[in-house]
Structures are given as structure tokens and as C-alpha cells.
Amino acid sequence: MTERREEALSGGAIVRFGVPAGAVEERAEALPRIEVSSLKGARVGLRAGFVDEAGLRLRVACVEAPSDRFAPGVEEIVLGMATSIARGAASDGITLDRWDAEGITRHEGRFEQALTGQGTRGERPVTLRGWHVLGFEGAASEAVLCTFVCEEPRAGERCAALVANAELTSLVPPPPPSLLVRTILMAAERPREAALLGLGIGVLLVAVLLARRPRPSP
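Convert by adding 14 to the 1-based position in the sequence shown; the result is the number in the working numbering.
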């Protein structure tokens, strides 16, 4: 038996996930800290954890941030960092033997990645299941990244279903890359064309400045 939870994020996305019946919500101070102060405009939209008597532990975290630097391919960097952070959080009190991230998949404008792991808590073998989902929300198409990690005794079979049934909804399409991001990508893929584009932008700026320069009176 599970209790369905729904959390609305400030940017407009909605997070839905199941919690085992009878599970106790962890205190905020018992949860791993998420530091986002170095990223302008970023905020922690959700941070929650639940533990039941059988030893199942479910943790959910969502971060929202401006998406002006997003471009195709950036999801690999974002999810790679999220996997590393999730590994650190999951290893709290656990000796991890394995922590694997599967390939990234795209579904209707959002990006998903499954996680699996094994380890021991004390002397008890445990299995871990996780899931990242990266999407976009609201009129500004802000980025929102949610991570779900579930731990249970090795013989358990509930984490897979809990993670599989988690959802991030009310999303919007990804934003188009900004001019700066497109220029950076072009520089990596086609350096000669990027140099010409940079030269063209420079000439255009000079022309605008000259046109707006005050002219001497006759």
C-alpha cells in the first residue's frame, strides 16, 4: 500500500510520487543539503525523505533554475553532475559497492535517466533505485531537475515500482538556445564559421555605435 503525494513547485511543475503506507517523513536536518547559491536564480523547490519500519528509505529533491544557458547536449552535463551528487547523498550511512547510471532518454521535451546501486548499511545488504528527470516549466521555460532515490533491504521489491511511478508534470517545451550558447556551440563544431560570425557581430556593433555618435555641429 502506498500513499500518493503531490507537490507543486514554484515555477509551475507538479511532482507526484508514492510513499509507503506508515512511512515517517524525515526531519529537514536529517536530509542531505543541496547547495545552489553559486548558480544565479537557482532554488531548491523540494527536499523530502521518508522511512518505514521495514527499512525502505525514499528521498526526493527538485532544483529549479533559469534555462538561458541550456542547449542540446547540456542535459548530459546536468544529469552527470546530478548523478554524482545523488551518489554522495545515497552513500550517507552506506558502503556503496555499485552505482550505475543508464543512458539518457528523451520523452516529450523532458530528459530521464535511471540509476541503480547496491551496498551495505551496517551489515545489511541494500539495493538502490533512482531516477532523474529534467524538464522545463512556466512562462520563462525555467529548468527543473528532480531526483528520486529509493533504498531497501536487498530482498525487497518495492523501490522499483515507487521510482517507476514517480512523475514530473505540467511541463513546457525546452527553450531555444540563446545567441551566446549558439555561438559557443558553433565555435566547438565549426570554428571558422564561428570566427566569421564573431567578426560580423563586431562590425555590426561598431556600425551601431558610429550611427549613434553625436555629430559635430557645422
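Idealized CB from N, CA, C, for every residue including glycine. Only a predicted model underlies this, so the values are computations on that prediction, with no experimental measurement involved.
Cβ-Cβ distance between residue i and residue j below 8 Å
| i | j | result |
| --- | --- | --- |
| residue 163 | residue 149 | no |
| residue 143 | residue 173 | yes |
| residue 74 | residue 62 | yes |
DSSP three-state assignment for residue i, whether helix, strand or coil
| i | result |
| --- | --- |
| residue 172 | coil |
| residue 89 | helix |
| residue 140 | strand |
| residue 58 | strand |
| residue 165 | strand |
| residue 112 | strand |
| residue 19 | strand |
| residue 126 | strand |
| residue 149 | strand |
Reference residue i; option with closest CA among the options
| i | options | result |
| --- | --- | --- |
| residue 106 | 123, 119, 135, 120 | 135 |
| residue 133 | 168, 33, 191 | 168 |
| residue 153 | 80, 92, 140 | 80 |
| residue 78 | 170, 175, 156 | 156 |
| residue 96 | 68, 85, 110, 114 | 114 |
| residue 98 | 146, 187, 151, 43 | 146 |
| residue 188 | 40, 24, 85 | 85 |
Beta-carbon proximity list for residue i, same chain, < 7 Å, skipping 5 on both sides
| i | result |
| --- | --- |
| residue 213 | With a pLDDT of 43 at residue 213, under the threshold of 50, the modelled position of that residue is not reliable, and the figure given next carries that caveat. If we look at residue 213 and ignore the five residues flanking it on each side, it has no Cβ neighbours. |
| residue 33 | 16, 17, 19, 64, 72 |
| residue 166 | 69, 70, 140, 141, 172, 173 |
8 Å CB neighbourhood of residue i in its chain, flanking five on each side removed
| i | result |
| --- | --- |
| residue 51 | none |
| residue 129 | 97, 100, 113, 114, 115, 116, 142, 143, 144, 145, 146, 163 |
Same chain, Cβ closer than 6 Å to residue i, neighbours up to 5 away in sequence not counted
| i | result |
| --- | --- |
| residue 39 | 64 |
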